[in-house]
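Chains as they are written, first to last, in the numbering used here: chain B, 5 to 344; chain P, 80 to 395.
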Ligand SMILES: Nc1ncnc2c1ncn2[C@@H]1O[C@H](COP(=O)(O)OP(=O)(O)O)[C@@H](O)[C@H]1O
Ligand SMILES: [Mg+2]
């Protein structure tokens, strides 16, 4: 088993506003190995973007990491000075965003924006940087790369711009690529092409990926393992096959039931989870999901569930009191193994 | 682009035509006439009538207007009623000082407004922001004549750093340093007024850009915040600021008239005031026409600059 590239431990991220502070992400823990892809899924507003921006330390003026650590190599990114962090951004960790239409600066050419990054992190001359940028554009399947490099972003379609973003993100051969809903704003065929491209590049470069999406289909296609987030917390973590075969958390099950399946009878109604994500200010006591959960009991209403391990190798975890017995069983089994 | 410019100029012609009719009427509606304004006390009524007849002032207004217009179309701006010099000659003597004053004032305005506007936006609601907003409010609301007189009092009378007015020291040898020394105060006064409104534009323009996605992309590359703001944000924020110069040109012309008068700056503004005083119709009409051309031209230049600054805008 190779060692971890990224270890996020009990991350808590908060934002200050004039009324005080709101905690947007709480107790998020996960690991990622080189070349591995972790999917982060959940409804909008549940803290996926804030988690990824915490790793980049791009939380703006009002956001900050309040607790926990984010270890990359030997460094804890949560503690690193800004100057050191700048050296990591775009170089060791890079990021692509949801809105390809607005993620590129409209007044600089594609080449200018790519070379800016390349010159910042790689020891190349301007001419070499330009050649390299063209090479990267070709790699992500942009036709006429030599000409496109002199174009402004508005000349390109959304799909092409996202390809440019990917080319830029991969230029410095990052160890980790964070893709925050990279295909959400694109139409279905383009979405499939972009995912295909990312899979191809992942194979070539062995880059680890944090793939964020509210779309379980995208997650199923890309991820090795999955974090399901709800209201700022991880509610379930599992290997991608385990998650889709045996979703445990009532929220995960709800998400699965709300995906349309082609093979189903079209008359069958699509299930959806009733209610909405609670706002951060009005977080319910006990389990954060209990107000929408069909199985909630007294304990769920009053006590906060921890993330419980429910299989032998600590690979499937769920934040739900319904699995407490199963967790105890696993604990006992492990104890026995240790003693034997 | 060339076609676009030609089209814009063609559209501007009827506007100019309207402006000339309008200003001809207003100039003639002003009480008094050129003859009364410069008459010597022992002239008889017959002398006055004779003089008016000689200047064509007894003809109906439309006849006077058509006469003036046909002169203009032949490149003839006429002769001043008061100095009897050719109007074109008087203007060409004075346009240099005015352009020098306005140009310096614009440069000063930008040098003040851009850094203050950026600081104010990037540190929104800080004391810096409040200070600069107050500055801009003062700059907009203090009239030029008040600021000018205050500046003369402080810098020329109390501290005696700069001369009180004029463009060169009387009896001096002139030269660039001397002119520069005379230029500073009026240019500062004129520039501060413009800077006041410009700070507000820069601030709101930068604030609008600060939330844009592409700045997050720039930060995610590992760029220093200095470049994120001064390269990626500023370049976008400048686009709307460019239009502000176009809008500020009328303000600048008006401000220059007052400032030149206060500082005895020998430019077109001073000439305008003098020709108003003497009801010197040909000179006044020429000044009006020039101001109108300047405003229309600056609007055109603004639009052209706009398309240079913003690659998304193409005219055809
Ligand atoms: N800059 C910010 N200031 C204050 N609150 C924020 C900020 N960014 C995100 N949040 C809050 O954090 C929560 C999680 O948001 P986000 O991570 O963007 O959700 P998503 O899972 O859709 O990506 C939301 O409730 C959002 O309101
Ligand atoms: Mg998001």
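The beta-carbon is built from N, C-alpha and C at its ideal position, and this holds for glycine as well.
Residue 377(P) and residue 332(P) have their C-alpha atoms roughly 12 angstroms apart. The closest heavy atom of ligand 2 lies less than 7 angstroms from the beta carbon of residue 53(B).
Counting the other CB atoms within 10 Å of its CB gives residue 320(B) a total of 16 or more, which places it among the buried residues.
Among the residues facing chain P, residue 85(B) is not included, as its CB has no counterpart in that chain under 8 angstroms away. At the C-beta level, residue 182(B) and residue 99(B) come within 8 angstroms of one another. One finds 301 in chain P with Cβ atoms closer than 7 angstroms to the Cβ of residue 125(B), taken in chain order. In the structure shown, the three-state DSSP call for residue 237(B) is strand.
Cβ proximity to chain B below 9 angstroms picks out nothing from the stretch 104 to 125 of chain P. Annotation for residue 68(B): the continuous beta strand (DSSP E) segment containing it runs 67 to 76. Collapsing the DSSP output to three states places residue 150(B) in a helix.
Taken in chain order, the unbroken stretches of alpha helix (DSSP H) that lie wholly in the stretch 289 to 359 of chain P and span 4 residues or more are 292 to 299, 313 to 342 and 347 to 356. Spanning the alpha carbons of residue 245(B) and residue 214(B) requires a straight line of approximately 17 angstroms. Between residue 161(B) and residue 118(B) a beta carbon distance of about 18 angstroms is seen, past the 8 angstroms cut, so the two are scored as non-contacting. With a cutoff of 7 angstroms, residue 47(B) does not count as near ligand 2, since its C-beta is closer than that to no heavy atom of the ligand. Of the residues 196(P), 337(P), 221(P) and 292(P), the one whose Cα lies closest to the Cα of residue 209(P) is 196(P). Along the stretch 135 to 194 of chain P, the alpha helix (DSSP H) occurs as fully enclosed runs of 4 or more residues at 140 to 152, listed in sequence order. Taking the Cβ atoms as the reference, residue 230(B) lies roughly 6 angstroms from residue 45(B), within the contact range of under 8 angstroms.
As DSSP reads the structure, residue 332(B) sits in no beta bridge. In this structure, ligand 1 has a non-hydrogen atom nearer than 7 angstroms to the beta-carbon of residue 50(B). Pairing residue 153(B) with residue 173(B) gives a Cβ-Cβ distance that is not under 8 angstroms.
Spanning the alpha carbons of residue 15(B) and residue 264(P) requires a straight line of approximately 59 angstroms. Between residue 153(P) and residue 146(P), the alpha-carbon positions lie close to 11 angstroms from each other. Bridge partners of residue 43(B) according to DSSP: 215(B) and 230(B). Using a C-beta cut-off of 8 angstroms, the stretch 309 to 325 of chain P makes no contact with the stretch 234 to 252 of chain P, since fewer than three inter-stretch Cβ pairs fall below that distance. DSSP places residue 16(B) in the strand class (E or B) of the three-state scheme. For the pair residue 285(P) and residue 388(P), the CB atoms are not nearer than the 8 angstroms cut-off. Between residue 62(B) and chain P, the shortest Cβ-Cβ separation is below 8 angstroms. A straight-line Cα-Cα distance of about 11 angstroms links residue 95(B) and residue 302(P).
Contact of residue 173(P) with chain B by beta-carbon distance below 7 angstroms is absent, the smallest such distance being about 40 angstroms. Each residue's CA atom was taken as its position, placing residue 283(P) and residue 194(P) some 13 angstroms apart.
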